[in-house]
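Structure record follows, encoded as structure tokens.
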Amino acid sequence: MTNLELQKTANEVRKDIVTAVHSAKSGHPGGSLSAADMFTYLYFEEMNIDPKDPKKADRDRFVLSKGHTAPGLYSVLAERGFFPKEDLVTLRHVGSHLQGHPCMQHTPGLDMSSGSLGQGISAAVGMALSAKVSGDSYRVYTLLGDGEIQEGQVWEASMFAGAKHLDNLCVIVDNNNLQIDGPIGEVNSPYPIDDKFKAFNFHVINIDGHNFDEIRMALNEAKTIKGQPTAIIMKTVKGKGVSFMENNAGWHGSAPNDEQYAIAMADLEKVGEALCQK
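Quick note, our numbering runs 1275 ahead of the 1-based positions in the sequence shown.
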């Protein structure tokens, strides 16, 4: 896909996120919106996946370690064709396969249930090790929140990944600088994030997480690295694309009311109109 096609798709993913969370009257829009560009690139350009055969043996694996941003993952899965987009409005409803955190038993395209912060990366490391032991060629991707990396388990898993030279593992950190209680540097600073991963024998790449050229470059570079896992630290804007949500920690886990939903969708419609004029 061209950058313009990716941008248009990511904007649709953002509309889906806002619509799903509004319908649920609960959920986590801020970090879903900040990661929408990476979600889009992974599922439309990067990963070896097939919506018609979501369990194919040689597929690349993805683990959403920051599982509360499930609206973002569900939205890109729907856009990619794993299930109907109409299902998104059932988010968090009783009987829906789209619950507040990913559940691999019920939703097509999910490789791991997640939500307990810090645990997703450990599952991803296990998948990467399994591929090495079995001689399989698939790659494993996992997305972490920058607040999530305050969890000690993240660094235990990272130590193991570096020690075992898991070069089929790509860890992505969504560095939007905000968690539920405010700026991560004020709550419990994990900075400098890049130096920490380097200390655990990771190849580290810093990018703008809203720039598709940089996303493409980083993921292509990661595939060339031998003997080390890769960590991509992407600088992003929490609530990206919605004027009143951007850089606002209050939208970490809040749903828009009807009036706010209309404003948010109008913001994203304007983005879409501008992209159509390019």
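C-beta atoms are modelled at their ideal positions from N, C-alpha and C, and glycine is treated no differently.
Those residues which DSSP pairs with residue i across a bridge
i               : result
tyrosine 1416   : Phe1337, Cys1445
glycine 1422    : Glycine 1422 pairs with nothing; no bridge assigned.
aspartate 1483  : Lys1510
asparagine 1450 : Lys1510
histidine 1478  : Thr1505
glycine 1457    : Gln1454
Residue j beta carbon less than 8 Å from that of residue i
i                  : j                  : result
histidine 1390     : histidine 1440     : According to the sequence provided, residue 1390 is glycine. The question's histidine does not apply to it. Taking 8 Å as the Cβ cut-off, glycine 1390 and histidine 1440 do not qualify as a contacting pair.
valine 1429        : leucine 1418       : no
glycine 1375       : leucine 1339       : no
asparagine 1443    : alanine 1406       : yes
valine 1293        : methionine 1540    : yes
phenylalanine 1555 : methionine 1322    : Shown here, the chain extends from 1276 to 1553; a query on residue 1555 therefore has no answer.
lysine 1341        : leucine 1392       : yes
asparagine 1452    : aspartate 1483     : no
serine 1309        : aspartate 1533     : no
proline 1329       : glycine 1384       : yes
isoleucine 1490    : alanine 1497       : no
threonine 1277     : glutamate 1354     : no
leucine 1279       : lysine 1553        : yes
phenylalanine 1475 : serine 1433        : yes
proline 1377       : glycine 1356       : no
glycine 1528       : isoleucine 1455    : yes
leucine 1281       : phenylalanine 1319 : yes
asparagine 1286    : glycine 1547       : yes
isoleucine 1424    : isoleucine 1480    : no
valine 1351        : threonine 1315     : yes
isoleucine 1538    : phenylalanine 1519 : yes
Expected contact under 8 Å - CB spacing of residue i and residue j to nearest Å
i               : j                  : result
serine 1307     : proline 1346       : 5 Å
lysine 1515     : alanine 1311       : 7 Å
glycine 1302    : alanine 1524       : Incorrect: roughly 15 Å between the Cβ atoms, too far for contact.
proline 1504    : phenylalanine 1477 : 5 Å
leucine 1373    : tyrosine 1349      : 5 Å
methionine 1379 : serine 1388        : 5 Å
leucine 1366    : alanine 1299       : 4 Å
histidine 1297  : tyrosine 1536      : 4 Å
lysine 1290     : leucine 1543       : 5 Å
aspartate 1335  : isoleucine 1324    : 6 Å
Worksheet item: In the region 1486-1518, which residue ranges form an unbroken beta strand (DSSP E) of at least 3 residues, counting only runs that do not cross its ends?
Response: 1505-1510
Discussion item. Using 8 Å as the cut-off, can you tell me whether the region 1462-1474 makes contact with the region 1406-1418, which would need three or more C-beta pairs spanning the two stretches below that distance?
Written reply: no
Discussion item. In chain order, what are the residue ranges of uninterrupted beta strand (DSSP E) at least 3 long that sit wholly in the region 1316-1386?
Written reply: 1336-1339
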